[in-house]
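Number of protein chains: 2
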Amino acid sequence: MDRRTSSPSSGEALLFLTDEQLRQGIEAMFFAYRGFTADPDRILADMAYGRAHHRAIHFIGRAPGTTVNNLLNILGVTKQSLNRVLRTLIADGLVESKVGRQDKRERHLNLTQAGRTLEQTLSDAQRARMRAAFREAGPEAVAGFRTVLEAMMDSEMRSSFGRLKDSAA
Amino acid sequence: MDRRTSSPSSGEALLFLTDEQLRQGIEAMFFAYRGFTADPDRILADMAYGRAHHRAIHFIGRAPGTTVNNLLNILGVTKQSLNRVLRTLIADGLVESKVGRQDKRERHLNLTQAGRTLEQTLSDAQRARMRAAFREAGPEAVAGFRTVLEAMMDSEMRSSFGRLKDSAA
DNA sequence: GTTGGAGTGTCAACAACACTGACATAAACT
DNA sequence: AGTTTATGTCAGTGTTGTTGACACTCCAAC
């Protein structure tokens, strides 16, 4: 508990857990998440796609060849929800689904060239905002940001997150 | 990829802007937001309410006597969306709507006792998670977290956020 | 070699929550 | 008197999530 009494002028160090501070954290999270999704949402609104398509494209791009089940675990939705999204993405030629070689029940998902292009467009917008925020806040703030977010995840999500982090060699 | 390997010595300090770091920030934000809403969502699932009700209750509790229009600006939804939620909350006796004294077109919104009770229940769950994350991460990390989130908001949201912060005397 | 279960796809129905557009009312402003 | 503001409401639509049910393919175990 006092492992973060690093600041000797204690008052400050203890204040950060008041209800008011927590409330502000909650509200900051709410407003920031809206900003976070605003740019890709604007782009997607013009197409027939939504946020769910963005998420699918993002994680397929991140882990090429992933199976449906793996994606299901990462996204935390039902297979029916995911399937609806995947069906349109495959029909529109943004994602391709290949039957597994070893286990032919599995489908391995990859972005097509068109899919990669859209992925780029979407994440460019999101990264631009993230980059601006990171630059404005500075590296120490960014480290803190990451630390708090990781602590806020559910443990299952944290392990998904860890696996993604590590796989990015 | 190496377009910002420009600083040979202080590599660390600039690494926080690599695409990989930004991607991890994006994913952390995604997973953390899910955790952030998970607890209240579970509670609300048992009642006939959803996340939208939670948001309305939160901000009415935060700014008692606020007008519908003000709430509209904070939440960033259409009046039809908000009205659907408010109607049920008022019908269920969680929120009361009073005609303005000066300007009788306005409706001032307040939580009833039952509303305050639900608000407490919901934010207790959310605060508990936030508190655990803050405690685990430590005060410097929390400061960084807040800094980055503020930088990530749209400017209009940032001013809403500022007003809320200040109003908490 | 048949059975059980895992991985996947799909149909149907439904709920929450957002949107647009149109219209109504009352109060306030000019 | 005419316009604008604040609010409420009706009707329709779209995205994303949910359950529940059923089919098919394949793997593994008995």
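Chains A and B, in that order, are what the protein sequence lines are.
Taking the working numbering, the leading residue of the first sequence gets 4, the next gets one more, and so forth.
Taking the working numbering, the leading residue of the second sequence gets 4, the next gets one more, and so forth.
By construction, the Cβ of each residue, glycine as well, lies at the ideal position given by its N, Cα and C atoms.
C-beta contact flag for residue i and residue j at 8 Å
i: residue 164/A; j: residue 31/B; result: yes
i: residue 100/B; j: residue 112/B; result: yes
i: residue 68/B; j: residue 122/B; result: no
i: residue 37/B; j: residue 133/A; result: no
i: residue 137/B; j: residue 151/A; result: yes
i: residue 89/A; j: residue 98/A; result: yes
i: residue 96/A; j: residue 115/A; result: yes
i: residue 107/B; j: residue 27/A; result: no
i: residue 56/B; j: residue 78/B; result: no
Amino acids of chain A, ordered along the chain, whose beta-carbon sits closer than 7 Å to that of residue i
i: residue 129/B; result: 29
i: residue 35/B; result: 152, 155, 156
i: residue 79/B; result: 37
i: residue 136/B; result: 151, 154, 155
i: residue 168/B; result: 27
i: residue 41/B; result: 157
Residue i classed as buried or exposed, judged by whether at least 16 other C-beta atoms fall within 10 angstroms
i: residue 129/A; result: buried
i: residue 155/B; result: buried
i: residue 153/A; result: buried
i: residue 140/A; result: buried
i: residue 35/B; result: buried
i: residue 53/A; result: exposed
i: residue 49/B; result: exposed
Start-to-end residues for the alpha helix (DSSP H) that takes in residue i
i: residue 168/B; result: 158-170
i: residue 98/A; result: Per DSSP, residue 98/A belongs to no alpha helix (DSSP H); it is in the beta strand (DSSP E), 98-102.
i: residue 119/B; result: 116-140
i: residue 23/B; result: 22-49
i: residue 87/A; result: 82-94
i: residue 64/A; result: 54-65
Within chain A, partners of residue i - CB distance below 8 Å
i: residue 22/B; result: 130
Within chain B, partners of residue i - CB distance below 7 Å
i: residue 139/A; result: 154
Contacts of residue i in chain B (Cβ-Cβ under 8 Å)
i: residue 175/A; result: Beyond the ends of chain A as shown, which are 4 and 172, falls residue 175/A; an answer cannot be given.
Where residue i meets chain B, residues with beta-carbon distance less than 9 Å
i: residue 162/A; result: Correct list: empty, because the minimum Cβ distance to chain B is about 10 Å.
i: residue 50/A; result: Chain B residues near residue 50/A: none, gap ~20 Å exceeds 9 Å.
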